[in-house]
Structure formats: structure tokens, C-alpha cells
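Residue numbers (our numbering), protein chains in the order written: chain W, 33 to 536; chain Y, 33 to 536.
I have placed the structure first, in the form of C-alpha cells, so that the comments after it can refer back to it.
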């Protein structure tokens, strides 16, 4: 009947709508990690973790979301980038924006901990505008090491800088520079340049953009958007172009106006002590004292630093650009001024824990820390790595069965048994999920996953309690294999794998 | 002036309100992990990971949140437990509820992957009612291993069961049982008992509660809440009390009514094949074929299983309870019927990937997997473990300086230098963040973190290019230490640490 045809048509249409009503993708700014990328990333984590442990670090794990009020008022202008959880009845929560604020909350909750070196490798979440931040993800990993406790000035600060240098070196990144500055010096500079006290953070966040845009644009933001007098901006401009080492410190000490500012003088004294420790650690060549470094976050109170590689440096000149050519897709990278950014960064934050503490006593918990940005480090390392040499799996043995004829069972049960024996011996093994597999299929499968050794169950040998162990991947030089008693299989394979490992 | 006093009072009051407007805690159902707990949990992860790798697993990492529509319609009654992210403009997202649906989404997005053994250790999120689930967290870890691909029936299923047994054994848990059932057999039972087709999932989710409540209550739910005729419920009751091994399979094969049901017959055939593989793996004693096992999730299509230990078994009898004593805090565990639950569970889900696939070809991606519940496993292991023997840090050397008198500098720069030398040699080392530390302070600090070796910079020895290396923690048997040339320090310490490790 026509009615039935119409109904069937409608049902089809409805079904089509149901299947098409979702897009098959990960949320914007997030991605899946798999295969060799995943192996490479794990290696980066392992390297960073071992550096952290070498410095006496212990690890903690905090929830991926925090009470919303814990995060409130910690991130300045960037607070708008925080992901909120929906109010489904109960507490209001947000995804963590970094690992530092949760660490400070942890310390405030555990006042018996008066000293800790803690590390934490975990994901953080930022609703960033992709147009401004190509390559910056909304979900990404941070690897943090922080030293909390009351200590003699600048000693933990120097160790954290040492960890920054050691970490990057251990990752095979050699051409980095640690840009270093001090919030107290910056505050002093802003004061002597005539920035009103209430405007300091605003002007500081403009200076922070110097790695993304040229001075002229930063000046424009200060004077036009933030109403700073042109003379004040120009004076700031003279300071923030200064960079160097201990020499710059000497230069600043000659600056009577700056030295008469209490904050600047304290910062310069800190830096003098710090530079002596940096020299003792032998990392002075990696450090650049750079007055243009400001860092965006509100909570820093002392030294601040960023590790950059040459690729992440800002352009020295504004490139000529055809203004008539409008960008067509705002999701694309529209700014030539966006470098890869810093690959590690951090600073001292002496008052963050106190913001969470109810009692006055526990409120004094000075902290200093470093955070490695894994995604950017990953891109740098991947570009240098021969990815084809990375194995996604670690299977050592492929268990096969050879045979034929009417009587041939395929030895599936026997392959399961031998595989189990290998697993229990700590050896990784796979086999073909097929009752009667052909030799070719099994060799192809072993080849595909790159297993270095085959254990072959031949019909006659197996009945005599023996299997053949054969090295794989030798091509024309393939050996004939060696018959091994089943009871001695695990030991034999273990020894063979050790030999192969030593050869490679 | 009075006005100034009033203003100051108001300011104090305001400040007090600001500091008190938040509660210092982690969100409900979440917690921080730290110290020795963290070390023990990491060990559990390492053990499980090495078992997964032994079976050829590769790992992937998916975002912590998914598009909301990806999770929709996958979890049956439990969908209400999903955490949603707030709509802040852009896509609607939710926190992942498990690792299985994101894995299926990953497979649908990557149709070139036709076979994969993937593992994934990560946190999942469920807005569970704490009253029903003491000890169940809202943020918790799952450790999943899944085999995807078209293979001969029951071979991957048997390997996944093998991984369950091997994983728990490797974790030192011996007294576990793998309760095993098959969705097709259950569906067949429901059919022959007269459950209408549309009611099967509802009745199945009632059966699923048999590990938490006695049969009488489950029957009540079926007949009163879900309107199943009493005779049907009674007939189901006869089936779901059956458990055993291959013997039960033989019993079911005698059941002509059940065997005439296509679904049941197919399930029973699967189980017969599976039991032969289980026997080959030698894990038949760990497996209990249990018709009462139903599993809550919608997406299972074949075998289902749960690993339980004796502590997680349901009580055989309803305990007498003083009904007059009302629970005062609904957040407390109000039910004696709540066991620790399963410590690992999983099943076959052949149609989940297809739900995401736009093309028909890629829609056939049968999967079977296992998920270890780390929090419960952690509780079991922690109860048996001597936690005092676990070190939270891995520091091997404490670098000290001894000296005194007017000329004594405290050797801080020298300690930094020696520490750096040790770090570069791959040795973990700490020192006191103090310019002129007393010997006692340094020994106490070394003792507190449990460092096994001290490197001591003595004023005279250091000037001769030597330091003292001393074993710590020997109490009265303390050795005098050994003077070592600074250039040979790393080698010497490395050898000493190796010796100490072999001794312990």
C-alpha cells in the first residue's frame, strides 16, 4: 500500500537523521594520541620524570576539576579561559587551568607538610582562541616540579633553574635559552617610569606580549588601550630592551633612580645571589637576564623565567604583509608573530598558598616551580626523530604452528599453552587468532608487528616435547632456527632476547 | 576618628567574608593522592601495564571529555551519572564515563585500523550517589585492555580472560574468581521465561543487582516495579541461581526449551569453545560460569565477566537490622549489601563501533575487553602492605658539608657543584638549602628522606680534591666513610648503590 511505502520512507529518513545528528570527532582543541606518537610522548614523560626524581621529587595527583571558587581570582585576564562544569545539582566545579593552583590548594589543605619537592605530570584545560594560538591545544599536558617551604633566599630558585636546564638537555634539546627576570625588578621599573600602582598588572601583561608582537604594538596597547602617558611608555621601552647576564646586573646597580626603589633594589639583590648559584651549577651560559620577560599570571612574586629555543624567538622585524589579503579562516594562524612559544616556564609564587589558608600560621608557604610544556617539546623532538624506527608494541615472540595434511589440527590449544608459558616467564608473546593458520600468514603477522623471535610448533617436534626458536627479520640470512625442549623454552628465549638487545 | 575606625572594621569584615566564602576541599567524590599511596598506586599501574604489554598491547590516549552526543545512548540507566561541561559557547561536551566508548569512537574515526590490541590507563567520571556506593569515587582510574578486529570466535575472548587472571595474580591477588556469563544465553533465558522483548534490558538490569541484594528483593523489583508476571520471575529465579563450570554447560544442553532458542543455543556454543581455550590456558579453576551475572551496560553483545574476591561476594542471608535505627547521614554507607564490588570486569561488544560509523563497511568491528578497577585493587593491596617500608622519594645521596670556625663558608657553591655532578651521572641527590648548615641538621634531613648514602665535603679533604662517601642508616654500626677523589665520585657512588641494592 502507498501508506506503508510512505511510512517506510519516513522511517528511513528518521534513521538517517539519527545517524547524522552527530559529528565523528574529538572536541575542538583536543586530539587522540596513538601509535608511535604515544611511544615518543611516553619517552618524554619518562625522561622528565627521572630528572624530577633525581632532584628528590615526590609525586602527587589532584582531581581534574576543582571547586570553582578555588580557581577564582588566580589567573588575571586568562580566567575567562577556564572550563566550567555544568551545574547538575551540587557543587560548582571547573577543570583545572594549571597544576600550580591545585598544588597550592593541596598545601593549604595539608598544613603538616612544611617542606615538599613535588612533581606532577597531568593534563590541564584552557578554552583558548585557536586563531591566536595555532598549535596550542585546549587539553594539554604540563610536567611540573615545585619546591615549597621556607628556605634561604634563592637556593631552591637556583635548583629549579638547574632542573629546567637538565630536563631540556636530557630530552636532547641543546639550543635553548632560559630567559630570566624578577617581578620585583619589573615592579620597580614600572614605579620609576610612573605607572600608577593600580595599573601595574595591566601594563605588565602588555609587556608580556613582547615575545608575540613588536615593541611598537605593545607601546600602542599601553598608551591607547591602557591610557599610559607616552613618556612613561617610552621610558619602559628603554628598560625592557635590556638583556644580558651579570653585566646587566652591574648596569642596573649604577641606575640610582631604580636602586632607590625598594622593590627593584630587593629584586636586584636576589638576582645577585641567584647568579652566584647559577655559576656554581655551571648553567650561566644558558641563562639570559631579560627585562622584557613579564609572564602573564598574577600569582608570581619573585623570579620568573621561560625557556625558549631559537624557533620560538619573536621576529626582530615586522614582515611586510599584503594588507589587502584578508585571512579567510579565522581558525588558521593569522599572525606571523606567533612563535612556538616557551617550552618550559615558571617562577616564584610566595603568596598563593596563603590565599587558601584560613589560619595565619600556615599561610606562609613560599614556592618556586617549573613547568615543561610537553606538546611543544614533542613537536621539536618528533621533527628530529626517525619515527619509522619506533615500535608501537613491545612484542618479543610470535608463537606459530606449522603442519598440514588431514590430521593437522592447527595446534591452537598448544599455541595457547606455549604463549601462557612465555607470558608467565615475563616474555611478551602473540599468536594468530586462527585455528589453522598458514605459515605465510603467521610470518606476515610477526613481520607486521616487528617481533624479533618466532617460536614454532612443528607437528613432529612438538610431539617430542620440542619447539623451534628462530630469529626473525634476517631476510636472506635467516637462520634455520634451533630446536629447544619446551621446559627450557623460557630460559632459552630470555637469553636470546638479551643477546639480540646487546647486539643492537 | 570614629569614621576611620568604622571603615577599618568594615574592611576587616569584608576581608573575612572573602576568605570564608570558599571551602578548602576537593570536589565531592574526588581526592588527592600523595606520598606512599601514590607510590603504591604507581606500582599497580606499572604491574598492569607490563601485563598488557606482554600481550602485545599498544596504548592510546583520548581526551578527558567527548562531544556529548558521542556518549548519548550508550550507558542505559547510568547515563544520568554523566558529568556535563557547561555550555560556554561552542560544542556541548561531557566528561568520559568509561574508556570503552571513547575507544569505539577512536576506532570509528580511524577505519584503517582493522585490528588492534590497545590498552589505556586513565581517569573516568561518574556522578554516583555516595549513599549507595561507599568507597566508590566520582573520579577514578580504569585500566583497560581491549582487542578489536574480526577473528575466529572466542580466541580473543579467551586471551582477555587470561589477562584478567594474569593481571590479578601479578598484583599478588590470589583468591579471586572470574564470574562468567554470556549475553546471548541470558537473552535466551529471558525469552523462554516469557519476558517481552522490549523489557529484556530492564529485567537484565534487575538481575545485575543480585550481587548487591538478595533474590527476594530482585524479584520484587521485577514484579512490582517492572510488572513482570510472578511465574516469569520465578522461572528466571531458577536459572539465575545456577553456577558451575563445564558441567553447567552440559546441564544447559539438556534443556530442550532453552536449546530451541536460537540466541541461547548460539551462546552455549560459544561457551563450549571458550571453555576449551580456558582449559588450554590453564585458568579453568579461576572461572565460574554464573547465570546470575548480567552487567549493567547496554553495549555488551557476547560474553560478560567480573572478577570478584571473597570480600566482594554478596551476603548469603539478609542480616537482621534494627529498623528503628535510622541512618543519620545519607552520605554514609547505609547498606550492608554493598560489597567491595568487582575488581575487574568486561565483556564483548560487537556493535558499539558500528554505532559511530557512517559507512557500512567499517561498521563491523567486533571488540572484547577487560577493565581493572584500580581504587578497589589499591585498597586490597594496601591492607596487606607494610606501608612504612615504602619510600615516597628515591633520593640516593645526601650532599653535606662539615666545617667550622671563622673561615668556614659552609661550602654551598661546592655542594651545588658536587650535586650537579651526581645529577649528571644519573644519581639522585639532595642537600640542605642553607649556607652554613650544622652536621646534625644535615644528618636529620638525610634520615628523614631515607637517603642511603652521604657525600660529605670536609674543609680539608675538599681542598685536596676529595670527598667522604658514607653509608647511612647503620646506627651504631656506622662506618667511618671512605675518602674518594671528586673525579671518581660518580663511579664510586654508582658501585656502592649497586652493592647496597644487591644486599637488600
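No residue lacks a Cβ here, since even glycine has one placed at the ideal position from N, Cα and C.
In this structure, residue 190 of chain W lies away from residue 321 of chain W, with their beta-carbon atoms at least 8 Å apart.
Between residue 480 of chain Y and the set Y/497, Y/236 and Y/462, the nearest pair of CA atoms involves Y/462.
Less than 8 Å separates the beta-carbon of residue 341 of chain W from that of residue 412 of chain W.
Taking C-beta atoms under 8 Å as the contact rule, residue 170 of chain W and residue 160 of chain W qualify, at a distance of about 6 Å.
Given a length threshold of 4 residues, each whole run of the alpha helix (DSSP H) inside the region 117-167 of chain W is given here in chain order: 132-141.
In the same chain as residue 451 of chain Y, and ignoring 5 residues on each side of it, the C-beta atoms closer than 6 Å to its own belong to 431, 461 and 463, in chain order. In this model, residue 486 of chain W and residue 194 of chain Y are separated by some 21 Å (Cα to Cα).
Exposure of residue 536 of chain W is indicated by the presence of fewer than 16 other C-beta atoms within 10 angstroms of its C-beta. For residue 301 of chain Y, the three-state secondary structure derived from DSSP is helix.
Shown here, residue 472 of chain Y sits in a helix according to DSSP, grouped into three states. When the five nearest sequence neighbours on each side are left out, the beta carbons in the same chain lying within less than 7 Å of the beta carbon of residue 251 of chain W are those of 265 and 269, in order along the chain.
Against chain Y, the CB of residue 194 of chain W has a partner CB under 8 Å away; the residue lies at that interface. Here DSSP, grouped into helix, strand and coil, assigns residue 96 of chain Y to coil. In this structure, residue 444 of chain W lies away from residue 420 of chain W, with their beta-carbon atoms at least 8 Å apart. Residue state for residue 443 of chain W is assigned as coil, using DSSP reduced to three classes. For residue 432 of chain W, the enclosing beta strand (DSSP E) has its first and last residue at 429-434. The distance from the Cβ of residue 180 of chain Y to that of residue 397 of chain Y is about 6 Å, consistent with a contact at the 8 Å cut-off. Less than 8 Å separates the beta-carbon of residue 67 of chain Y from that of residue 90 of chain W. Judged by DSSP secondary structure, residue 494 of chain Y falls within the alpha helix (DSSP H) whose first and last residues are 491-495. For residue 419 of chain Y, no Cβ of chain W is located within less than 8 Å of the residue's own Cβ.
The C-beta of residue 90 of chain W comes closer than 8 Å to at least one C-beta of chain Y. In its chain, beyond the 5 residues on either side, 197, 208, 209 and 210 have a beta carbon closer than 8 Å to the beta carbon of residue 318 of chain Y. By the Cβ criterion, the region 117-137 of chain W is not in contact with the region 54-70 of chain W, since fewer than three pairs of Cβ atoms, one from each stretch, lie closer than 8 Å. For residue 159 of chain Y, the nearest beta carbon of chain W is closer than 8 Å to its own beta carbon.
Counting C-beta atoms within 10 angstroms of its own C-beta, residue 418 of chain W has fewer than 16 neighbours from the protein chains shown and is therefore classed as exposed. Of all residues in the region 100-122 of chain W, those with a C-beta nearer than 7 Å to a C-beta of chain Y are 101, 102, 115, 116, 117, 118, 120 and 122, reading in chain order. Residue pairing by DSSP places residue 515 of chain Y opposite Y/500 in a beta bridge.
Taking a contact to require three or more Cβ pairs closer than 8 Å, the region 503-521 of chain W and the region 434-441 of chain W do not qualify as touching. Spanning the alpha carbons of residue 101 of chain Y and residue 86 of chain W requires a straight line of approximately 45 Å. For residue 65 of chain W, the chain Y residues whose C-beta falls within less than 7 Å of its own C-beta are 92 and 93, listed in chain order. Rounded to whole angstroms, the separation of the alpha carbons of residue 172 of chain Y and residue 407 of chain Y is 7 Å.
Under DSSP, the beta-bridge partners assigned to residue 461 of chain Y are Y/429.
Taken through DSSP and simplified to helix, strand or coil, residue 81 of chain W comes out as helix. Sequence-distant Cβ neighbours of residue 293 of chain Y in its own chain, meaning closer than 6 Å and more than five residues away, are 220, 223 and 224. Using a Cβ distance threshold of 8 Å, residue 54 of chain Y and residue 260 of chain W do not count as a contacting pair.
For residue 482 of chain Y, the closest of Y/469, Y/156, Y/425 and Y/519 by C-alpha to C-alpha distance is Y/425.
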